[in-house]
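Note that the working numbering numbers the sequence shown so that position 60 is 50, with each residue one more than the last.
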Amino acid sequence: MARYAVGDLQGCHREFVALLERLAFDPHRDQLWLAGDLVNRGPGSLDCLREVRALGDAARVILGNHDLHLLAVARGGATLKRSDTLDAILAAADRDSLLDWLMQQPLAVAEGEQLMVHAGILPQWSLPLGLGLADEVRQRLGSEHGGAFLEQMYGNQPACWRDDLDGIERLRVIVNAFTRMRFIDADGCLDFAAKEGLDSAPRGFAPWFSYPRADDPQIIFGHWAALEGHTPGARVRAEALDTGCVWGGSLTALDLDSGERISVPSQQR
């Protein structure tokens, strides 16, 4: 059995199919980890959702910020942005079954010492704590209160984690850390303004992976295309997999056992 982790699809369906062919991926034998942001910005978001869902148990999927945005638009009253490419999903005959499936996906998955998240994990969170916090969000999304949560999910405050947070503030920090994080300060407070490369860090902030942890999982993440798959200065074992397919870069898979990277070029213009 081969195990691969793949960075952000963001609607790059043709590249996804080409990558699966390049890997000779067999869903009856192999396993695929998908690091979130299956949809948006690219032209094939609906096809990506359908393709991944059809993989069944061969795919382990986590939610990224664009996946949550889709859910918020469809079921939380949020509005589409000009750059969104979600109309085909929202108009699809199988829309509800796809959205139901997406709402069941977690914010993190782990196996042994390997952890996959979309944006990152706060250094203050141990692996067991982080997985427990991710499960709090999964349970809320899957409950009768899922729609109400999606209505209140957006926001930059609070920007810092505290153990005594509760309610929507607690869930919002968890979501933001797992799906939006790039730069943090030494106390684990998030900056939401800087979205480019490492030289865009605000004063007093640094990439989340530049802070040491008490444990040492291999952290597989996407989200940050400006890194181009690299994590210079990392003080944790971090594997960046968003190589900017939707922006004309490539779509990248990581062999979770050998560490080999396999990429196919973007077909986006």
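Virtual Cβ for every residue (Gly too), placed ideally from N, Cα, C.
C-beta contact flag for residue i and residue j at 8 Å
| i | j | result |
| --- | --- | --- |
| residue 231 | residue 212 | yes |
| residue 115 | residue 123 | yes |
| residue 56 | residue 0 | yes |
| residue 226 | residue 209 | yes |
| residue 149 | residue 180 | yes |
| residue 134 | residue 207 | no |
| residue 248 | residue 5 | no |
| residue 138 | residue 121 | no |
| residue 119 | residue 205 | no |
| residue 128 | residue 136 | no |
| residue 254 | residue 8 | yes |
| residue 146 | residue 182 | yes |
8 Å contact criterion, which residue i and residue j should meet: CB distance rounded
| i | j | result |
| --- | --- | --- |
| residue 33 | residue 69 | At roughly 21 Å, the Cβ-Cβ gap does not stay under 8 Å, so residue 33 and residue 69 are not in contact. |
| residue 98 | residue 199 | That pair is no contact at about 15 Å. |
| residue 215 | residue 234 | 4 Å |
| residue 65 | residue 140 | 6 Å |
| residue 52 | residue 107 | 7 Å |
| residue 48 | residue 89 | Their Cβ separation, rounded to whole angstroms, is 21 Å, which puts residue 48 and residue 89 out of contact at 8 Å. |
| residue 78 | residue 244 | With a Cβ gap of about 29 Å, residue 78 and residue 244 do not count as contacting. |
| residue 3 | residue 27 | Rounded, the Cβ-Cβ distance is 13 Å, inconsistent with contact. |
Pick from the options that is closest to residue i, judged by C-alpha positions
| i | options | result |
| --- | --- | --- |
| residue 246 | 13, 3, 5, 71 | 13 |
| residue 54 | 29, 223, 63, 197 | 29 |
| residue -9 | 10, 4, 19, 88 | 19 |
| residue 25 | 88, 50, 255 | 50 |
| residue 61 | 83, 95, 46 | 95 |
| residue 164 | 38, 77, 185, 112 | 112 |
| residue 80 | 151, 44, 219, 39 | 39 |
| residue 84 | 254, 194, 2, 41 | 41 |
| residue 219 | 143, 154, 251 | 251 |
| residue 281 | 136, 254, 177 | Look at the range of the chain in this structure, -9 to 259, and you will see that residue 281 is not part of it. |
| residue 72 | 10, 147, 43, 31 | 31 |
| residue 92 | 126, 144, 132, 67 | 132 |
| residue 46 | 63, 143, 35, 16 | 16 |
| residue 217 | 202, 185, 201 | 185 |
| residue 67 | 201, 155, 143, 222 | 143 |
| residue 82 | 109, 35, 10 | 35 |
| residue 109 | 222, 259, 223, -2 | -2 |
Chain D within 8 Å of residue i, Cβ atoms only
| i | result |
| --- | --- |
| residue 228 | Included in the structure is just one protein chain, with no chain D present. |
Open item on the list: I want to know whether the region 164 to 178 touches the region 186 to 196 - three or more CB-CB distances under 8 Å.
Closed with: Flag = yes, the region 164 to 178 and the region 186 to 196 touch.
- [ ] Could I get the ranges of all uninterrupted beta strand (DSSP E) runs contained in the region 173 to 241, with 3 residues as the minimum, in chain order?
- [x] Counting only runs of 3 or more, we get 208 to 211, 227 to 230.
TODO: Quick one: which unbroken alpha helix (DSSP H) runs of 4-plus residues sit fully inside the region 31 to 74? Chain order, please.
DONE: As far as the region 31 to 74 is concerned, its whole alpha helix (DSSP H) runs of at least 4 residues are 35 to 44, 55 to 65.
Task: Sequence ranges, beta strand (DSSP E) only - wholly within the region 97 to 148, length at least 3 - done: Fully enclosed beta strand (DSSP E) runs of no fewer than 3 residues occupy 98 to 101, 104 to 107 of the region 97 to 148, in order along the chain.
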